[in-house]
Amino acid sequence: MQTLKDTWTIFGAELRRALKSPRVLLVLVLYVAFSAGVMLAAGALAHQAQQQAEAQGHGSDLASPKAALLAMLFGQDRGLVESLLPLPAVLLLVFKLGLVFLPAYVAVLGFDTVSAELQTRSLRYLTVRTSRTALALGKALALGVVVLLLVTLVHLGVFAYALSSVPDFTSAEALRVWPRLWGTTALVGLGMAALTTLCSAASRSPALSLTLNFAVLLAFWAAGAFGSGARVVRMVQQQMAEQEPSVSWQERIGLLAPSTWSAEVLYPDTTRALTGALVLLLFAVACAAGAVAVLRTRDV
Amino acid sequence: MSDPVLVLDQVSKRFGTRQALLALSVTVPQGTVWGLIGPNGAGKSTTFNLLCGYLRPTSGRVRVLGHDPRVPGSLKGVLGVLPQDAALPGYLAVGPLLTYLGTLSGLERPEREARVALERVGLSEVWDVPPAALSHGMGRRVGLAQALLGDPPVVLLDEPTSGLDPKVAAEVRALVARMRGRATVLVSSHNLPELEALCDGAAILDHGRLIQAGTMGELTARSAEFRIQVARGDIPVEAVRALPGVAQASLRPDGLLSVVIEPKAESPEAVLNATLRLLLDAGVQVSGVSQGQSLESRVLALT
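Sequence lines, in order, name chains A and B. For reference, each letter of the first sequence is one residue, going 0 to 299 in numbering that gives the first Met the number 0. For reference, each letter of the second sequence is one residue, going 0 to 302 in numbering that gives the first Met the number 0.
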């Protein structure tokens, strides 16, 4: 009970500190600018592709350029591509590319949340007053909430843009798809906030914690790329041989990457989507638990 | 003396290949002001950090009021600490920072306690000032204020007067002296005259080992010898040697008479009084008397 109370106190102080920090504003500007850039580029490309498709008589079927783009972004699964086809391309592009860059934004936001206090030893004023569990959780939660605020702001902007620029995209459709797109990004954001806190708690120097954070993100990216590459190969083999080839160990490596599971959340199959969401949640919990364990074990 | 509040029992700490502490056993009784003394690298900071739970001992047992400092939250409201080299958190102004720390200490009225603590160190006016804008001395006093928040029963101070001007240093010493009996205070310092004046006892460390621990009287051999500085007159050294309770007496050319008291002497003060009476009767003019060695010379001899 005392740990919960202290976690809440630390969360409040850290959140106020983060919201006053110019860095949060900088990351928000970067995130918005990046999303706006993608929106403009994607809007132009989607418009061009739509015109081309209509001229060829494809409309919005699986042979359209949009379907090819979605297959490239989200995998070759026919059911998934079919379910995403009615959605505005701009929304899906910002969502997908946002997921690629979100971990980097979170790392920049919170790499020094613990490490800077370890370096200056100011954490010593806190560890004699509260448990290190409350410290790690309070800091991770505050970072997570800041990330959620950024994600929500950007998603609101992108949805508003899509609603105003894509005539077929209605408010009802927006409300239907919002929980899945925002929820996936939010879960990834929370996981990355916990991972960043873990990396920060593991190193006494902010520079080292940032390096460690990016090294882990690179490893995740490599695992994800390796796994999705192997998956594409398997699906091609499946189409050619008309039989189900077994899942290779290379494809299983992809399961280590959060990006693999964030793609799962978009599947129309509810069980599959919930499994993806659950894995992302477990990833966040495991990283937060890791941050607690590291901070409790280490010398300050 | 009463039950020990701070206990280190056969504590060792190793950093990689470097042995910082080796089988250190020290206890500090309740309500006393105790010093931690030693040259650089003696293990003072390591001992201090072990008691605060910042470090985990390689072996041995550390207890603060019966609590293991490494158990999460065990020191809440129990321990006030002034670390030597820790920067004050810079994300809040002094007042809100102390209020925040008071809340985490579990104080019922943290803001009020923060104001009281700042007042005690004479810095009420810095409530809205960011810690980064404080001078070194003011920062140390704010650090002292956070250590005293809510009057914890145990207070650990690492170099509390370092960087302070003489007037403020004297105020801090007076503040610590007033805590005697109400709190158990451990002071780590290189300022030996300050510790001698302030502390009831001390532990002397060197190369990670305990060299000697005891009351200030025991450490300075206060009851074992005394010195009398003579200003003028012929000193009857042989007569002094013949006094009951005197084991040895020697006279330096500068007029300093050193007297070693027999260990079996019932009252060292009686021997001192008898010696003074003898000298005064012989027409000798005395300009000063001191008992035992100074802590400084004792520490220099031991380390």
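Ideal Cβ positions, reconstructed from N, Cα and C, are used throughout, including at glycine.
>> Please state the DSSP three-state secondary structure of B/Lys12.
In response: strand
>> If contact is defined by three or more beta carbon pairs under 8 Å, each pair taking one atom from either stretch, is the stretch 78-86 of chain A in contact with the stretch 183-202 of chain A?
In response: no
> Whose Cβ in chain A lies nearer than 7 Å to the Cβ of B/Lys75?
Replying inline: Arg128, Thr129
> Does the beta carbon of A/Ala12 sit closer than 7 Å to a beta carbon anywhere in chain B?
Replying inline: yes
>> Just to check my reading of the structure: B/Val270 and B/Gly244 have Cβ atoms closer than 8 Å, yes? What is that Cβ distance to the nearest angstrom?
In response: 4 Å
>> Tell me which residue opens and which closes the alpha helix (DSSP H) that A/Val278 is part of.
In response: Boundaries of the alpha helix (DSSP H) harbouring A/Val278: 269-296, taken from the DSSP string.
>> Less than 6 Å between C-beta atoms, sequence neighbours within five positions excluded: which residues of the same chain meet that for B/Thr16?
In response: There are no such residues.
>> Rounded to the nearest angstrom, what separates A/Gln118 and A/Val105 at their Cα positions?
In response: CA-CA distance, A/Gln118 to A/Val105, rounds to 21 Å.
> B/Asp84 touches chain A at which residues, Cβ-Cβ below 8 Å?
Replying inline: Arg120
> If you measure from the beta carbon of B/Pro109 to each beta carbon in chain A, is any gap under 7 Å?
Replying inline: no
> Interface residues of chain B around A/Asp5 at Cβ under 8 Å?
Replying inline: Gly72, Leu103
>> Less than 8 Å between C-beta atoms, sequence neighbours within five positions excluded: which residues of the same chain meet that for B/Arg140?
In response: These residues qualify, in order along the chain: Val120, Gly121, Leu122, Leu163, Val167, Val171.
>> Can you pull out the residues from the stretch 217-230 of chain B whose beta carbon lies closer than 9 Å to at least one beta carbon of chain A?
In response: none
>> DSSP has B/Leu311 in a bridge; who is on the other side?
In response: What the structure shows of chain B is the stretch from 0 to 302, and residue 311 of chain B is not part of that stretch, so it cannot be assessed.
> According to the Cβ coordinates, are A/Val37 and A/Val93 closer than 7 Å?
Replying inline: yes
> Do we get a CB-CB distance below 7 Å when we pair A/Arg16 with the residues of chain B?
Replying inline: For A/Arg16, the answer is yes, since a Cβ of chain B falls inside 7 Å of its Cβ.
>> In the DSSP output, which residue or residues are listed as bridge partners for A/Thr6?
In response: DSSP lists no beta-bridge partner residue for A/Thr6.
>> What would DSSP say about A/Phe73, mapped onto helix, strand or coil?
In response: helix
> How would you call B/Met215, buried or exposed, if buried means at least 16 neighbouring beta carbons within 10 angstroms?
Replying inline: buried
> For B/Asp157, which residues does DSSP report across the bridge?
Replying inline: According to DSSP, which records beta bridges pairwise, B/Asp157 is partnered with B/Ser187.
> Whole-angstrom Cβ separation of A/Thr259 and A/Gly223, contact assumed at under 8 Å?
Replying inline: So it is a contact: roughly 6 Å between Cβ atoms.
>> Can you pull the chain B neighbours of A/Val113, defined as C-beta to C-beta under 7 Å?
In response: Chain B residues near A/Val113: none, gap ~12 Å exceeds 7 Å.
> If we count Cβ pairs, one from each stretch, closer than 8 Å, do we get three or more for the stretch 191-206 of chain B versus the stretch 33-52 of chain B?
Replying inline: yes
> What three-state label does DSSP hand B/Ser257 in the structure shown?
Replying inline: strand
> What is the DSSP secondary structure of B/Trp33, reduced to helix, strand or coil?
Replying inline: strand
> Does the distance from the C-beta atom of B/Glu118 to that of B/Gly101 stay below 7 Å?
Replying inline: no
> Got a sec? Which residues, its chain only, sit under 8 Å from A/Gln51 by beta carbon, not counting five neighbours each side?
Replying inline: Pro64
>> Only counting the same chain, and skipping five residues up and downstream in sequence, which positions put a Cβ closer than 8 Å to that of B/Tyr99?
In response: Within its own chain, the residues whose Cβ lies closer than 8 Å to the Cβ of B/Tyr99, once the five positions on either side in sequence are excluded, are Leu91, Pro109, listed in chain order.
>> Closer than 8 Å between beta carbons: that is the criterion. Which residues of the stretch 259-270 of chain A meet it against chain B?
In response: none
> Going straight from the alpha carbon of A/Val142 to that of A/Val26, what length do you get?
Replying inline: It should be noted that the sequence gives Leu, not Val, for residue 142 of chain A. Cα to Cα, A/Leu142 sits roughly 13 Å from A/Val26.
> Since B/Glu224 is in the beta strand (DSSP E), which residue starts that stretch and which ends it?
Replying inline: 224-231 is the extent of the beta strand (DSSP E) around B/Glu224.
>> Can you pull out the residues from the stretch 129-145 of chain B whose beta carbon lies closer than 7 Å to at least one beta carbon of chain A?
In response: Taking a C-beta cut-off of 7 Å against chain A, the contacting residues of the stretch 129-145 of chain B are Gln145, listed in chain order.
> Between A/Val132 and chain B, is there a C-beta pair that is closer than 7 Å?
Replying inline: In the sequence as displayed, the identity of residue 132 of chain A is Thr instead of Val. Output row for A/Thr132: interface = yes.
> Using the rule of at least 16 other Cβ atoms within 10 Å of the residue's Cβ for burial, across every protein chain shown, is B/Leu299 buried or exposed?
Replying inline: With fewer than 16 Cβ atoms within 10 Å of its Cβ, B/Leu299 is classed as exposed.
>> If I measure Cβ to Cβ from A/Gly190 and keep anything under 7 Å in the same chain, skipping five residues before and after, which residues do I get?
In response: Pro257, Leu279, Phe282, Ala283, Cys286
>> Residues of chain A with CB closer than 9 Å to the CB of B/Leu78, please, in chain order.
In response: Val127, Arg128
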